[in-house]
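Data block below; observations after.
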Amino acid sequence: MKQSNKAALFSGLGFPGLGQLLVQKRTVRGLVFMLPALAAFSWLMYGLWKATSVLMDEALSGVLAPDPIAITQRLTKASIVPGASIAGWILLACWIASIADALLVRDKP
């Protein structure tokens, strides 16, 4: 298997920039994709944690009924962390760019 294909698989199935770091040994290129993706992923996980804790508090206090439809409606209404949509787009862009970069880099003979 070509090195570029291996790098694209690591970046696509693992984490953005992982193929550049592990397979192609291009540390700076890998970090260019990995750091913004890690920041965006962390922001999304923080928002998920915050929304989950708010919903759990409401469910335990009795304000939120233990009905899956009510919980889903409440979750869609609650935008706990601003910029979650932007963080998702940044993560997606880093992922796609990392795969494209891994495929376009020429293999060393």
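Counting from 6, one number per residue, gives the positions in the sequence shown under this note's numbering. We put the beta carbon where it would ideally sit given N, CA and C, even for glycine.
Worksheet entry | Closest by C-alpha distance to Trp100, when choosing among Lys55, Leu43 and Gln29 | Leu43
Discussion item. My output table needs one value for Phe15: the three-state DSSP class, helix, strand or coil.
Written reply: helix
Item to complete: Please state whether DSSP places Lys82 in a helix, a strand or coil.
Response: Here Lys82 sits in helix by DSSP.
Worksheet entry | Distance, Ser90 Cα to Gly24 Cα | 26 Å
Worksheet entry | Beta carbon of Trp48 nearer than 8 Å to that of Val110 | no
Fill in: Other residues of its chain near Trp54: CB distance less than 7 Å, five sequence neighbours each side excluded
none
Discussion item. In this structure, how does DSSP classify Gln29 when only helix, strand and coil are distinguished?
Written reply: Taken through DSSP and simplified to helix, strand or coil, Gln29 comes out as coil.
Discussion item. Taking the alpha-carbon of Gly88 as reference, which of Met50, Leu27 and Leu60 has the nearest alpha-carbon?
Written reply: Met50
Item to complete: Go to Gly93, then tell me how far its alpha helix (DSSP H) extends in each direction, as first and last residue.
Response: Ala89 to Leu109
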